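Enquirer: Sending over a structure as structure tokens; questions will come in a sec.
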Amino acid sequence: MTAGNKVYRIDLERQKAFVIFEYAEDASAQIACLKFQDPESTEEMGRILGVGINTSNGGVIAELKLSVAGDANDAYIYRNEEAKLGKIVDISFNYE
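For reference, each letter of the sequence shown is one residue, going 1 to 96 in the numbering used here.
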């Protein structure tokens with residue numbers, strides 16, 4: 001689940017939400033979409049989450065590596081100042 005610039009993990013049993021990622025570089029940023037990467041191996045099945053973020057300066061893509069419990073172990077932010085992204089509506093993974 002997302003709200004504003006944060007991604008949450010929901011614990012349905014305890015009825016609690018936990019922040020697993022926050023795009024802190026721009027407090028006004030809005031997360032536009034989430035997409036799980038199709039697994040290249042069963043080891044990573046459902047553990048790489050792409051995040052499309054719209055900021056005041058354009059779009060940014062983040063990739064979260066999740067633990068088996070759903071917490072973000074690592075986050076990588078993709079940005080290229082020479083080829084900025086516009087508004088993000090959806091994302092897709094490419095295996096070239």
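Glycine is no exception: its CB is placed at the ideal position from the N, C-alpha and C atoms.
The structure displayed is predicted, hence computed values, not measured ones.
Can you tell me whether GLY52 is buried or exposed, with buried defined as 16 or more other CB within 10 angstroms of its CB?
Expert: Against the sequence shown, residue 52 aligns to sequence position 52. Counting Cβ neighbours within 10 Å, GLY52 comes out buried, since at least 16 surround it.
Enquirer: In chain order, what residues of the same chain have a beta carbon less than 7 Å from the beta carbon of SER56, not counting five sequence neighbours either side?
Expert: Residue 56 sits at position 56 when you count from the first residue of the sequence shown. Same-chain partners within the cutoff: ASP26 and SER28.
Enquirer: Within the same chain, show all residues whose beta-carbon is closer than 7 Å to that of ILE91, passing over the 5 residues directly before and after it, in chain order.
Expert: As a working note, residue 91 is residue 91 in the sequence shown. Excluding sequence positions up to five before and after ILE91, its CB lies within less than 7 Å of the CB of CYS33, LYS35, GLY50, GLY52 and ILE61, all in the same chain and listed in chain order.
Enquirer: Distance check for LYS16 and LEU85, CA to CA, integer angstroms please.
Expert: Your numbering for residue 85 matches position 85 in the sequence shown. Your numbering for residue 16 matches position 16 in the sequence shown. In a straight line, the C-alpha of LEU85 is about 34 Å away from that of LYS16.
Enquirer: I need the straight-line Cα distance from ARG176 to LEU12, nearest angstrom please.
Expert: This structure leaves residue 176 out entirely; the chain is present only between 1 and 96.
Enquirer: Check PHE88 in the structure and name its three-state DSSP category.
Expert: Against the sequence shown, residue 88 aligns to sequence position 88. The displayed chain sequence assigns Ile, not Phe, to residue 88. In the structure shown, ILE88 sits in coil (DSSP, three-state: anything other than H, G, I, E or B).
Enquirer: Alpha carbon to alpha carbon, what distance is there between MET1 and ILE10?
Expert: Looking up residue 10 in the sequence shown gives position 10. Looking up residue 1 in the sequence shown gives position 1. The straight-line gap from Cα to Cα measures roughly 7 Å.
Enquirer: Cα-Cα, which of TYR23, ALA3 and GLY4 is closest to TYR76?
Expert: Position 76 of the sequence shown holds residue 76. It is TYR23 whose Cα lies nearest to the Cα of TYR76.
Enquirer: Just the C-alpha distance for LEU66 and GLU82, rounded to the nearest angstrom, thanks.
Expert: Here residue 66 is taken as the residue at index 66 of the sequence shown, counted from 1. Here residue 82 is taken as the residue at index 82 of the sequence shown, counted from 1. Roughly 30 Å between the two C-alpha positions.
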